[in-house]
Amino acid sequence: MKTIIPMVVVVVTVALVIIGTYSPSQIGMAVGEGIGTTYSGSSSGGDAPQQAVSALLQNVQRRNWDGAYAQLASANKAEQPSFVRDLAGSSGSLRTFSSLAGWDLHPLHATDSDADIRATLHWSTPVGAVDDIRDLKVVHEANGWKVAWPEPHFPDVPAQVIPVNYLRWDLVSPGAGDEWGNRGVDGPHVRIVSMNAVSYQGGSVIMGEAINEDTVPAFVNVNADLVGQDGKPLGQESSFDKILHVLLPKQVTPYRIDFPDVDLQNIKNVHMDIKTTLVPASADPVIGVMDQAIDSDATGRKVLKGRLLNQSGQIVNIPHVIATFYDNQGKVIWVSDGYIDRALYPQTPESFSVELPKTVAGNAQTYHVVVNQYSLGKS
Amino acid sequence: MRRILIASLMSGLWLTQVCFAQELNVPTQATAGDTLSIPTSGNGEATFYLVGPGSSLKQTVHLGQAIQLSANDLNASGRYVAILCAGACTSSHFFVVPAGVSTLSFLAHPSRALVRQNDAISGVVFPFDKFRNLVIAPVTVNFQLTANKANLFSRSMPTRFGVAWFRSGSWNSAGMAQLTASVNDISAQRVLQLVASDPCNLRIKAQQVSKGILVETDPVHDCSGNVVPDGTIVSFTANSSNGRSTVDAPIKQGVARAQLTPAGAATISAASGVVMGNELRMEVRP
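Chains as they are written, first to last, in my numbering: chain A, 998 to 1376; chain B, 22 to 307.
Here it is in structure tokens:
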């Protein structure tokens, strides 16, 4: 008995080693999502152009940049550093913190010599999943199908001096031994100026706007408590990142609070609560939102498109766009947001788009866009 | 434990109400922080107890001599019970009232107030003696609001049950103001910031530059003529064939400016909070 168990263990181990050695390798198979007729990263079938794109994306997923670059077509081939920068990001942008989780491929057009494929890249980021849609051309070359990756264009920011009248607020807190009744200053006055509750995908969305009526900056968060028809609490949630947290004097921010599991019909009352704190803040950078217009994207979805223009002298690493949509009565009917995965360089426009549900798009008469910014090394 | 024993002892005294040979001749009232002499009658030794709101003491005394209480024994204002025991016990009580006003606790609200607001400022004063006893006796508190050495507001209010308060509107001019509460030569000061109200007559002008349109406001003032604080956001909007462009720009050195990129016929407007500015129409050359 003493020898049987060790012998069995040895035999099983050897058997597993042999099976592992001679069975087909699965290492490197990308984990993607197969939806409908699309060709996904996990599929092993599909035609040759799609396999070429998939091979490229598998290398991107593994951050094997040499391997990915080898999959590109020779004509109009971008420089490898530019190609890598396009996919790996730079300057502390959101893309630098992201990884390619999967992709969907939709063939648009195919001949014996070339093909057009729409690739939806699913990036996993610290702020959630971000999709990036690219229309790729695949061409047949002597050594097989290759992807004609569009040459990325990066801002060529000239060396310059941008004068900035640095405006910021600092906070001095009193010492512990100070006289009673002489402790600190009042918190900022921030007011919720509108609130609307709508039903969305079986859940509820509470949204509206708040304004800083004070002369000092405020850190703001909006909370909502739902009360059911029976008077019992249904849920409590905060605006999280769907708000401009640092609000300068007279600045207006949208807010949106999602309750995906609470049907609007079950809500009797909503208790809104706005928390404000006096914080040190800076009035820079100023980011303009240019050429905004509601349009349709490549997949037919309604989006609000535009360009962000950083009018200050510092790089904004992760811009975050929050758009408020109003009906013809001026009522807030939707709040939408999106992160930009490229950094904002000074005086250099960067495109953005945020999605608008079809049910809302017909009623949206006007809109207001604000930009949240996260810069490395700054709070 | 000592308190329980003393309480038990006092209860027994109240219940029995027996007259004894020794007597305590306590005053009806004393002042916090003053020394006190309590004459006694009889002879021999006795034990003296003093129970007050903030302290208690026990000492051996000689009957026929006055019991001397130091200033530290009578710091806290309130009701004191003096007990003298020599075989049997006798007791008496007296009150210690607060000493003169030594410090003022001054609560002023808010620390920031918009100009020209009714009842925007309030202040509450609690006078205390040097032992932190609340002075219940009426004292007159002088409230004064000054800015740039000008007296904006002055009012005298007597305390009632140890508190005096006032409420006042804010002044027309923005800036730092000093709020003072004083009783005789004792005073407490708070700094109050009077800030400009919403912008008034917000006006903008625009000029075409190489990168688009440079829009800037005239110096932004409120309706009292105060300069609106730097950092206040002015939202510029341009509608043109390119779509809609917006910039939320902070006021710096009294003026907000932003760069917009409209094309063709453009309508440019500005707003700050709920205040709208004028509207400009201009043809933007490519």
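Glycine included, each C-beta is placed from N, C-alpha and C at the ideal position.
(message) Taking the straight line between their C-alpha atoms, what separation do you get for B/Gln38 and B/Pro159?
(response) Note that B/Gln38 scores a pLDDT of 39, beneath 50, so its modelled location is shaky and nothing firm can be said.
(message) Can you pull the chain A neighbours of B/Ala273, defined as C-beta to C-beta under 9 Å?
(response) Residue identity check: residue 273 of chain B is Lys in the sequence provided, not Ala. Proximity of chain A to B/Lys273 at the Cβ level (cut-off 9 Å) is accounted for by Asn1162, Leu1164 and Ala1280, in chain order.
(request) Have a look at B/Gly264, B/Gly275 and B/Thr238 and flag the residue whose alpha-carbon is nearest the alpha-carbon of B/Ala292. (result) For B/Ala292, the nearest C-alpha among the options comes from B/Thr238.
(message) Applying the 10 Å Cβ sphere with the 16-neighbour rule, what's the burial state of B/Gln80?
(response) B/Gln80 comes out exposed.
(message) Taking the alpha helix (DSSP H) that A/Ala1358 belongs to, which residues open and close that run?
(response) Where A/Ala1358 is concerned, the enclosing alpha helix (DSSP H) stretches over Lys1355 to Ala1358.
(message) Excluding the 5 residues flanking A/Leu1168 on each side, which residues of the same chain have their C-beta closer than 8 Å to its C-beta?
(response) Within the same chain, A/Leu1168 has close Cβ partners Leu1275, Val1276 and Pro1277.
(request) Under 6 Å Cβ to Cβ from A/Pro1251, same chain only, skipping five residues before and after it: list those, please. (result) Closer than 6 Å at the Cβ level, and outside the excluded window around A/Pro1251, lie Glu1206, Ile1319, Thr1321 and Val1332.
(message) Against chain B, which members of the stretch 1244-1261 of chain A pass a CB distance test of less than 7 Å?
(response) From the stretch 1244-1261 of chain A, only Leu1245, Pro1246, Lys1247 and Gln1248 have a Cβ closer than 7 Å to chain B.
(message) Could you give the first and the last residue of the continuous beta strand (DSSP E) run that contains B/Asn299?
(response) Boundaries of the beta strand (DSSP E) harbouring B/Asn299: Val296 to Val305, taken from the DSSP string.
(request) Taking B/Tyr101 as the reference, give the member of B/Asn193, B/Tyr70 and B/Leu301 with the closest Cα. (result) Nearest C-alpha to B/Tyr101: B/Tyr70.
(message) Spatial neighbours of B/Ala87 within its chain, please: C-beta separation below 8 Å, excluding the five flanking residues on both sides.
(response) The residues Ser58, Ile59, Pro60 and Thr61, in chain order, have a CB closer than 8 Å to that of B/Ala87 in the same chain once the five nearest residues on each side in sequence are set aside.
(request) Just the chain B side, please: which residues come within less than 9 Å of A/His1242 by C-beta, in chain order? (result) Within 9 Å Cβ-Cβ: nothing; A/His1242 doesn't reach chain B, min ~15 Å.
(message) According to DSSP, A/Arg1092 sits in a beta bridge with which residue or residues?
(response) Answer by DSSP bridge pairing: none, since A/Arg1092 is not bridged.
(message) Any beta carbon from chain B within less than 8 Å of A/Thr1321's own beta carbon?
(response) It does not; no Cβ of chain B falls within 8 Å.
(request) Would you be able to state if there are at least three C-beta pairs under 8 Å between the stretch 1140-1147 of chain A and the stretch 1253-1269 of chain A? (result) The stretch 1253-1269 of chain A vs the stretch 1140-1147 of chain A: no contact.
(request) Throw me the rounded Cβ distance for the B/Ser261 and B/Ala284 pair, which I believe falls under 8 Å. (result) Contact flag correct, Cβ pair sits at about 5 Å.
(request) Have a look at A/Val1300 and B/Asn139 and give me their C-alpha separation to the nearest angstrom. (result) Roughly 47 Å separates the two Cα atoms.
(message) Distance check for B/Ala51 and A/Ser1376, CA to CA, integer angstroms please.
(response) In this predicted model, A/Ser1376 has a pLDDT of only 49, less than 50, meaning its place in the structure is not dependable enough to derive any value.
(request) Please check if any C-beta of chain B sits within less than 8 Å of the C-beta of A/Glu1206. (result) So, not an interface residue.
(message) Buried or exposed for A/Ser1022, going by 16 or more other Cβ atoms inside 10 Å?
(response) Confidence at A/Ser1022 is low in this model, with a pLDDT of 39, below 50, so its placement is unreliable and the value that follows should be read with caution. Counting Cβ neighbours within 10 Å, A/Ser1022 comes out exposed, since fewer than 16 surround it.
(request) Sort B/Ile225, B/Val118, B/Phe127 and B/Pro250 by Cα distance to B/Asn299 and report the nearest one. (result) Per the Cα distances, B/Ile225.
(request) Check each residue of the stretch 247-271 of chain B: if its Cβ is closer than 7 Å to any Cβ of chain A, include it; give the result in chain order. (result) Residues passing the 7 Å Cβ filter: Pro250, Asp251, Gly252, Thr253, Ile254, Asn263, Gly264, Arg265, Ser266, Thr267, Val268, Asp269, Ala270 and Pro271.
(message) Does the CB of B/Ser98 have a neighbour CB from chain A at under 8 Å?
(response) Chain A contact via Cβ: absent.
(request) Apply the 10 Å Cβ neighbour rule to B/Arg265 and answer buried if 16 or more other Cβ atoms are within range, or exposed otherwise. (result) Classification for B/Arg265: buried.
(message) Run through the DSSP bridge pairs and tell me what A/Gln1289 is partnered with.
(response) Paired residue(s): B/Arg265.
(request) Please list the partners that B/Arg188 has in chain A, where partner means a Cβ-to-Cβ separation under 7 Å. (result) In chain order: nothing, as chain A lies at least about 16 Å away.
(request) Consider the Cβ of A/Ala1290: report whether some Cβ of chain B lies at a distance smaller than 8 Å. (result) Yes, A/Ala1290 counts as interfacial toward chain B.
(request) Please decide whether B/Thr167 counts as near chain A, where near means a Cβ-Cβ distance under 8 Å. (result) Taking Cβ atoms only, chain A never reaches closer than 8 Å to B/Thr167, which makes this a no.
(request) Mark A/Val1283 as exposed unless 16 or more other C-beta atoms lie within 10 angstroms of its C-beta, in which case mark it buried. (result) Buried, because 16 or more other Cβ atoms sit within 10 Å of the Cβ of A/Val1283.
(request) Given a cut-off of 8 Å, decide if A/Val1050 and A/Ser1095 are closer than it, judged by their beta-carbon atoms. (result) A/Val1050 sits away from A/Ser1095, with the two beta carbons spaced by 8 Å or more.
(request) Using a cut-off of 7 Å between C-beta atoms, extract the partners of B/Ala227 located in chain A. (result) Chain-order list of chain A residues neighbouring B/Ala227: empty, with the shortest C-beta distance near 14 Å, by a criterion of under 7 Å.
(request) Give the single residue among B/Ala287, B/Phe164 and B/Glu44 whose Cα lies nearest to the Cα of B/Trp186. (result) Ranking B/Ala287, B/Phe164 and B/Glu44 by Cα distance to B/Trp186 puts B/Phe164 first.
(request) Sort out for me which residues DSSP pairs A/Trp1166 with in a bridge. (result) DSSP lists A/Ala1278 as partners of A/Trp1166.
(message) Let me make sure I understand the geometry here. Which of B/Ala67, B/Leu95, B/Gly65 and B/Thr68 has the alpha-carbon closest to that of B/Pro1?
(response) Given that chain B is displayed from residue 22 to residue 307, the structure contains no residue 1 of chain B and the question cannot be resolved.
(message) Can you confirm whether B/Ser293, when its beta carbon is compared against all beta carbons of chain A, has any partner nearer than 8 Å?
(response) Taking Cβ atoms only, chain A reaches closer than 8 Å to B/Ser293, which makes this a yes.
(request) From the DSSP output, in three-state form, read off A/Gln1077 for me. (result) Note: A/Gln1077 maps to helix in three-state DSSP.
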